[in-house]
Amino acid sequence: MTASSQDITAFILAGSRPGKPDPVALAGGVSHKALLPIGGVPMLLRVIDALQQVPQVTRIAVCIENPQIIASIIPAGIDVIPARPEGPSASVLAGLARYGTPLLVTTADNALLQPSWVQELLSQSHPQADLAVAVAAETTVKRDVPNTQRTYIRLADLAFSGCNLFLFRTSVSARVADLWRHVEKNRKHPLRVAWLLGPSILLRALCGRLTRRALYQRIYRLTSAKAELVPLSDGRAAVDVDKPADVVLAEELASTLPACSFSKPLQK
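Per UniProt numbering, the very first residue in the sequence shown carries number 1; after that it's consecutive.
Right, dumping it as structure tokens:
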């Protein structure tokens with residue numbers, strides 16, 4: 001059975017990391033980035049609106065530290081579960097444990113998310129892949145959003161930016177989330193990450209010789225999960241709101257996309 005014909009739970013990461021306030025939330029005068037309006041609508045509601053228009057998505061869950069943070073804006077029928085303090089990967093693992101697979105994971109700051117991008121990931125991902133990750137090729141991003149500055153991962157056969165959209169298709173994919181958790185835990189210790197992922201993989205990546213196939217093979221050896229990158233056709237899919245400058249860009253691009261059905265103003 002393909003993902004495009006299955007009932008899917010969508011899981012939105014909307015929490016904030018412990019520690020200093022998020023700069024986007026701070027600049028926008030809100031407690032959480034998810035509450036920041038884009039085009040007059042909180043980013044979280046924009047993401048929910050897009051997911052509600054995908055026929056395969058039959059349940060939507062939001063993951064945030066405290067449900068009261070979004071109680072005044074969340075529409076009826078949306079699950080809210082607590083975020084894990086260890087980080088996003090631990091929250092995804094909690095979501096997988098609670099809802100199973102297939103689980104479509106995205107983030108509240110993916111404010112421009114479109115139903116067509118989700119449908120493209122579902123239809124273009126290989127039916128035997130355990131995990132499919134939506135990406136946008138550098139050429140596509142520069143074609144569609146020429147004025148943006150994105151971070152690109154450069155493989156030998158593809159330079160891409162992430163789209164904050166992941167399809168955990170099978171239970172095996174949880175092992176990739178667990179690998180992500182270990183990488184996240186050791187993100188301040190590069191040597192530990194290198195040992196975990198394999199020095200040869202990192203060396204090939206630094207030399208621009210790492211291919212998608214080699215990356216997939218390494219992930220499979222580490223997790224027994226078949227993973228794939230799925231390039232989307234719209235470069236705007238790579239635009240999320242990570243820094244204050246992204247707010248301006250997102251506002252500009254939002255005006256070129258279909259209007260969000262939610263119009264309830266943010267309650268501060």
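Ideal Cβ positions, reconstructed from N, Cα and C, are used throughout, including at glycine.
No experiment lies behind these values; they were computed from the predicted model shown.
- Counting C-beta pairs closer than 8 Å gives fewer than three between the segment 129-137 and the segment 89-98, which falls short of the contact rule.
- For GLY235, the three-state secondary structure derived from DSSP is helix.
- Counting every other CB atom within 10 Å of its CB across the protein chains shown gives ASP157 a total below 16, marking it as exposed.
- Unbroken alpha helix (DSSP H) runs of no fewer than 4 residues, entirely contained in the segment 137-186, are found at 138-144 and 174-185, following chain order.
- In the DSSP annotation of this structure, ARG59 is not part of any alpha helix (DSSP H); the continuous beta strand (DSSP E) holding it starts and ends at 57-64.
- Cα atoms of ARG221 and LEU215: separation of roughly 10 Å, rounded to the nearest angstrom.
- Within the same chain, LEU155, ALA156, ILE201 and ARG204 come within 8 Å of LEU210 by CB-CB distance, once the 5 residues on both sides are set aside.
- DSSP lists ALA134 as the bridge partner or partners of VAL230.
- Rounded to the nearest angstrom, the Cβ distance from GLY87 to ARG175 is 17 Å, too far for a contact under 8 Å.
- Under DSSP, VAL105 forms a beta bridge with PHE11 and PHE166.
- Under the 8 Å Cβ criterion, the segment 223-236 counts as touching the segment 113-128, having at least three qualifying pairs.
- About 7 Å separates the CB atoms of THR107 and ASP240; that is less than 8 Å, so the two are in contact.
- Around the beta carbon of THR151, fewer than 16 other beta carbons lie within 10 angstroms, which makes this residue exposed.
- Annotated three-state conformation of PRO75 is coil, per DSSP.
- For GLU252, the enclosing alpha helix (DSSP H) stretches over residues 244-254.
- Minimum Cα-Cα distance from LYS20 among the listed residues HIS32, PRO258, THR9 and ALA14 corresponds to HIS32.
- Remark: C-beta atoms of LEU131 and LEU167 approach each other more closely than 8 Å.
- ALA83 and GLY162 do not touch by the CB rule: their CB atoms are close to 20 Å apart, not below 8 Å.
- Residues ILE8, ALA10 and LEU51 of the same chain have their beta carbon placed closer than 6 Å to that of VAL57, with the five preceding and five following residues left out of the count.
- Inter-residue distance for LEU36 and ARG169 is about 30 Å (C-alpha atoms, whole angstroms).
- Residues ARG218 of the same chain have their beta carbon placed closer than 7 Å to that of GLY198, with the five preceding and five following residues left out of the count.
- Rounded to whole angstroms, the separation of the alpha carbons of VAL30 and LYS243 is 14 Å.
- In the DSSP assignment, GLY28 falls within the alpha helix (DSSP H) that extends over 23-28.
- VAL41 carries a strand assignment under DSSP once its states are collapsed to helix, strand and coil.
- Among the bridge pairs identified by DSSP, ILE69 is matched with none.
- Taking the C-beta atoms as reference points, ALA27 is found no nearer than 8 Å to ILE64.
- Checking the DSSP bridge columns, you'll see VAL80 partnered with VAL62.
- About 6 Å separates the beta carbons of LEU121 and LEU165, which is inside the 8 Å limit, making them a contact pair.
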